[in-house]
Amino acid sequence: MKDYTDTPLESSSLSARVLERIAAEQVTPRPRWAYRLRNRAFWVAALGALAAAAAAMAAVFFILANVEWRYVSVRYGTPASTVMAVLPVAWLVLLLVFLSVGYWNIRHTSRGYRYPLPVVAAMAVVFTILSGAAFFSIGLGQGVEEGFGGHLPLYRPFLVREQSWWSRPEKGFLVGKVSSIAPDFSSFALTTDSGVVWQVEGSDLRAPDMAWLARGGMVRVVGVPRPATSTAPFHACFVLPWEVRGARASLPPLPLAVLSASTSERISNGERSNACKGVGPYRVFRALQDDMR
Amino acid sequence: MSAETNQSGGRRNKGGTRTPVDAHTLTDEDVAQRALEDKELFAILIERYAAKLTRYLARLGVSVPEDREDILQNAFLNAYRNMNSFDPALSFSSWMYRIVHNEAMSFFRRKKARPTVVLAPEDEPLLYAIQDDNADTSAHAERRLSSAELARALTTLPQKYRDILALRFFEERSYEEISDILEMPIGTVSTMIHRAKRALRKELGDRLQ
Numbered sequence: 000m001k002d003y004t005d006t007p008l009e010s011s012s013l014s015a016r017v018l019e020r021i022a023a024e025q026v027t028p029r030p031r032w033a034y035r036l037r038n039r040a041f042w043v044a045a046l047g048a049l050a051a052a053a054a055a056m057a058a059v060f061f062i063l064a065n066v067e068w069r070y071v072s073v074r075y076g077t078p079a080s081t082v083m084a085v086l087p088v089a090w091l092v093l094l095l096v097f098l099s100v101g102y103w104n105i106r107h108t109s110r111g112y113r114y115p116l117p118v119v120a121a122m123a124v125v126f127t128i129l130s131g132a133a134f135f136s137i138g139l140g141q142g143v144e145e146g147f148g149g150h151l152p153l154y155r156p157f158l159v160r161e162q163s164w165w166s167r168p169e170k171g172f173l174v175g176k177v178s179s180i181a182p183d184f185s186s187f188a189l190t191t192d193s194g195v196v197w198q199v200e201g202s203d204l205r206a207p208d209m210a211w212l213a214r215g216g217m218v219r220v221v222g223v224p225r226p227a228t229s230t231a232p233f234h235a236c237f238v239l240p241w242e243v244r245g246a247r248a249s250l251p252p253l254p255l256a257v258l259s260a261s262t263s264e265r266i267s268n269g270e271r272s273n274a275c276k277g278v279g280p281y282r283v284f285r286a287l288q289d290d291m292r
Numbered sequence: 000m001s002a003e004t005n006q007s008g009g010r011r012n013k014g015g016t017r018t019p020v021d022a023h024t025l026t027d028e029d030v031a032q033r034a035l036e037d038k039e040l041f042a043i044l045i046e047r048y049a050a051k052l053t054r055y056l057a058r059l060g061v062s063v064p065e066d067r068e069d070i071l072q073n074a075f076l077n078a079y080r081n082m083n084s085f086d087p088a089l090s091f092s093s094w095m096y097r098i099v100h101n102e103a104m105s106f107f108r109r110k111k112a113r114p115t116v117v118l119a120p121e122d123e124p125l126l127y128a129i130q131d132d133n134a135d136t137s138a139h140a141e142r143r144l145s146s147a148e149l150a151r152a153l154t155t156l157p158q159k160y161r162d163i164l165a166l167r168f169f170e171e172r173s174y175e176e177i178s179d180i181l182e183m184p185i186g187t188v189s190t191m192i193h194r195a196k197r198a199l200r201k202e203l204g205d206r207l208q
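Keeping their order, the protein sequence lines are chains F and L.
Residue numbers for the first sequence follow numbering that gives the first Met the number 0, so the first one is 0 and each next one is one higher.
Residue numbers for the second sequence follow numbering that gives the first Met the number 0, so the first one is 0 and each next one is one higher.
What follows is the structure in structure tokens.
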């Protein structure tokens with residue numbers, strides 16, 4: 000049998016040959032700073048990737064926090080279609096990509112191979128969740144979801160999608176900013192994001208609706224469209240808040256009106272007119288308003 | 000301490016006079032440090048490791064002596080070039096084995112050569128270990144396979160198993176050292192050893208009974 004003991008390597012001749020090559024090829028040790036720099040670059044890249052993962056997580060939190068779970072049956076239908084609609088797939092994919100990049104970089108640091116994948120993965124996920132929650136709480140979730148997400152191909156930011164769904168007057172949904180209210184809440188004006196001003200008839204509104212209107216700012220209105228030629232081409236049945244959770248810092252809207260005792264007395268919490276009963280999700284919104292009272 | 004060591008291998012005592020230090024008595028790590036200043040000292044490391052690493056290469060499947068020498072030359076050259084990347088948290092030995100291992104893997108890829116394990120009769124501790132799952136390298140077997148049979152079985156194993164068995168049972172490296180050489184977590188080393196032993200037992204089949 001041929002084995003390595005047949006041809007023992009002469010170590011002194013090997014060392015001589017290696018030293019000759021070192022001299023002939025003018026091999027010099029690479030400077031220590033180059034290795035330190037490389038190692039730090041991997042750590043910086045890993046931290047950068049984890050920060051990006053945390054930002055993606057903040058976007059996930061932003062979407063999940065702004066799903067109006069109370070309206071899901073009206074907005075999305077079945078639980079399965081709700082999940083399909085609200086699951087932030089793009090952000091979860093980005094999250095996974097950034098976590099993988101982070102792990103790859105940690106793995107390539109000088110001692111990165113010592114950390115087992117499950118431990119690194121668990122730590123990265125915990126870090127991402129905590130940082131993502133912190134980012135979300137300071138409004139970065141919205142910034143990332145709308146700012147960065149707006150540049151992703153085939154991606155529409157969540158609130159844009161929601162606003163678009165709620166901006167369908169022909170289906171009885173309107174969303175916009177309350178720009179004026181008649182003193183007796185018999186009508187009000189709503190300005191949409193595109194700048195269109197809607198005159199809305201408010202005779203069917205009840206105290207909770209008025210409270211949302213009086214607060215000012217963005218609201219969503221559920222009602223019945225009227226002929227465009229009428230003075231108020233939309234008849235409001237319900238007014239619901241449009242709240243953005245985890246929003247970038249902004250000043251709260253100034254109250255537009257104050258509910259007076261006479262107004263509250265005029266309109267009780269009773270049944271609405273027959274016009275409103277034609278509104279598809281009437282029962283849902285009715286129950287919802289009862290809950291919110 | 001009454002004396003401090005200078006870069007060129009001499010010691011300076013409190014009186015300021017030099018006393019020569021025999022570099023052969025220094026640890027690998029110290030020699031490596033000094034070789035940065037005096038490349039001739041690198042020869043000491045080569046002489047310390049040449050035989051061990053030659054055996055290791057044979058056990059990895061580099062069957063031609065000339066190839067082994069080429070690999071070793073390149074490995075030592077790389078070690079010298081990258082001496083500043085040596086992490087004192089590792090042993091020099093693990094670092095050197097890592098370089099040789101990587102060089103051998105590059106060799107197999109480059110040459111598209113099929114590894115052929117070459118073993119010597121003293122390589123039989125592996126056999127004892129695979130016959131008993133709980134056995135250490137010191138365990139004994141009643142029946143002995145020839146090293147040729149063992150080498151043939153090892154040659155058929157996937158490279159990752161051959162690597163880990165060679166380090167654990169021929170080179171008698173600890174799990175931590177193997178983790179540093181193969182750059183994998185210690186838990187993975189343990190799992191791989193277990194799987195590699197099972198694969199080798201399966202390969203040897205009834206020749207082991």
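No residue lacks a Cβ here, since even glycine has one placed at the ideal position from N, Cα and C.
It should be emphasised that the depicted structure is a prediction, and the values quoted were computed from it without experimental measurement.
Taking 8 Å as the CB-CB limit, is residue i close to chain L?
i	result
L98/F	no
P115/F	yes
Y102/F	no
S80/F	no
S163/F	no
S14/F	yes
S136/F	no
Under 8 Å between the Cβ atoms of residue i and residue j?
i	j	result
L71/L	L13/F	yes
A45/F	G101/F	yes
D208/F	V238/F	yes
K176/F	L189/F	yes
V199/F	A274/F	no
V218/F	G171/F	no
F85/L	W94/L	yes
F91/L	E28/L	yes
E102/L	T155/L	no
P138/F	R37/F	Looking at the sequence provided, one finds Gly at residue 138/F rather than Pro. No, the Cβ-Cβ distance between G138/F and R37/F is not below 8 Å.
F60/F	G142/F	no
Y112/F	M183/L	yes
V61/L	R67/L	yes
N77/L	R29/F	no
R271/F	N65/F	no
A84/F	E144/F	no
S163/F	T191/F	no
A152/L	L199/L	yes
A235/F	G201/F	yes
Among residues of its own chain, excluding the 5 on either side of residue i, which ones have a beta-carbon nearer than 8 Å to its beta-carbon?
i	result
L98/F	A48, L49, A52, A120, A123, V124 and T127
S189/L	Y174
Keeping to the same chain, check which residues put their C-beta closer than 7 Å to that of residue i; ignore five residues upstream and five downstream.
i	result
W42/F	T108
T77/F	none
E141/L	Confidence in E141/L is poor, its pLDDT being 46 and thus under 50, which makes the residue's placement unreliable; the coordinate value appears in the next sentence. Answer for E141/L: no residue qualifies.
V30/L	A22, L40, I43 and L44
F134/F	A53, A54, A57 and G140
Going along chain F, which residues have a C-beta under 8 Å from residue i?
i	result
Y79/L	V17, I21, V26 and P28
M183/L	Y112
K201/L	Ordered by position in chain F, no residue passes the 8 Å Cβ test against K201/L, which lies about 24 Å from the chain.
F41/L	S14, V17, L18 and I21
D86/L	S109 and R110
L156/L	Those within 8 Å of L156/L in chain F number zero; the least Cβ separation is about 19 Å.
Please compile the residues from chain F whose C-beta is within a distance smaller than 7 Å of the C-beta of residue i.
i	result
F75/L	V17
I45/L	S10, L13, S14 and V17
Can you name, in chain order, every residue of its own chain whose Cβ lies under 6 Å from the Cβ of residue i, other than the five neighbours on each side?
i	result
Y154/F	A89 and G148
Y96/L	I180
V99/L	L52 and A74
A195/L	Y160, I163 and L164
I180/F	F187, L212, L255 and A256
R172/L	L166
Within the 8 Å Cβ cut-off, does residue i reach chain F?
i	result
L71/L	yes
E102/L	no
E68/L	yes
K159/L	no
G186/L	yes
M82/L	yes
H139/L	Caution applies to H139/L, whose pLDDT of 44 falls short of 50 and renders its modelled position unreliable; the value that the coordinates give is listed next. Cβ-Cβ to chain F under 8 Å: no for H139/L.
T136/L	Confidence at T136/L is low in this model, with a pLDDT of 45, below 50, so its placement is unreliable and no value can be given for it.
K196/L	no
L35/L	yes
A152/L	no
Identify the contact partners of residue i in chain F, using a Cβ-Cβ distance below 9 Å as the criterion.
i	result
S178/L	Y112 and R113
Cβ-based contacts, 7 Å cut-off: residues of the stretch 18-48 of chain F near chain L: Listed by position, the residues of the stretch 18-48 of chain F near chain L (Cβ gap below 7 Å) are L18, R20, I21, V26, P28, R29, P30, R31 and Y34.
Name, going along the chain, the residues of the stretch 48-62 of chain L whose beta-carbon falls closer than 7 Å to a beta-carbon of chain F. Hits within the stretch, in order: A49, A50, T53, R54 and A57.
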